[in-house]
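Right, one structure below, let's go through it.
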Amino acid sequence: MEIRTYGDPSLRRRAESVEAIDDEIRTICERMVETMLRANGAGLAAPQIGISKRIIVLDVDGEFHVLINPELIETSGDVEQFNEGCLSVPGVHATVSRSARATIAGTNLDGERVEITGEGLLARAIQHEIDHLNGRLFVDRLSQVKRRSLLKEYDRKRRGTT
Ligand SMILES: [Zn+2]
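Offset between the sequence shown (1-based) and this note's numbering: plus 199.
The following block contains the structure:
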């Protein structure tokens with residue numbers, strides 16, 4: 200699957216809840232996992248492949264998760280500054296503030312409720328992917344000045360490669 204990039208309207212929609220885990224949903228999850236692995240990403244949300252459904256996949260520190268209808272239950276710990284990027288805004292990175300710990304709950308492909316608490320990179324990936332389901336991108340979390348300069352850099356890089 201092709202990863203949608205900045206400017207694509209599917210990245211800006213609030214994704215819809217999954218009603219039932221059927222073959223369609225299982226296929227979407229498979230494609231998301233393949234796409235994430237191929238792109239070497241730490242996570243991927245369904246809107247990034249143009250599907251407006253609340254599904255995320257995560258692959259951080261050997262921990263692998265497929266989560267349907269995930270909800271951010273709690274964030275805690277210090278607010279950490281960390282260099283962050285996104286497969287949908289390729290080639291640029293910026294320092295983003297996020298909580299050091301995050302807990303989400305959702306449903307796995309077997310229909311069981313799972314809860315995941317992550318620290319560090321996993322906490323960051325959790326918060327980043329939940330943002331995608333709500334139509335938010337990491338650039339939205341930057342100051343206006345930083346966002347503008349990052350997007351300028353992004354445009355420059357895109358023009359350079361096409
Ligand atoms: Zn992203």
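Built from N, CA and C at the ideal position, the CB exists for glycine as well. Computed from a prediction, not measured in an experiment: that's the story for all the values here.
Where residue i falls: helix, strand or coil (DSSP)
i, result
"Pro269", "strand"
"His327", "helix"
"Ser209", "helix"
"Asp258", "strand"
"Thr302", "strand"
Backbone CA spacing between residue i and residue j [nearest angstrom]
i, j, result
"His292", "Ile254", "24 angstroms"
"His264", "Ile315", "9 angstroms"
"Ile329", "Leu266", "11 angstroms"
"Val338", "Leu349", "8 angstroms"
Residue i: CB within 8 angstroms of a non-hydrogen atom of ligand 3
i, result
"Gly242", "The ligand content of the structure shown is limited to ligand 1, which means ligand 3 is not among them."
Beta-carbon proximity check, residue i vs residue j, cutoff 9 angstroms
i, j, result
"Leu286", "Leu243", "yes"
"Val232", "Val256", "yes"
"Ala324", "Gly334", "no"
Spatial neighbours of residue i in its chain, beta-carbon cut-off 8 angstroms, leaving aside the 5 residues before and after
i, result
"Gln326", "Leu271, Thr274, Arg297, Ser298 and Ala301"
"Glu215", "Ser251, Lys252 and Arg253"
Nearest residue (CA-CA) to residue i, options the options
i, options, result
"Arg203", "Asp258, Val217, Ala219 and Ser251", "Ser251"
"Met200", "Gly249, Ala219 and Asp221", "Gly249"
"Gly276", "Ala322, Met235 and Gly359", "Ala322"
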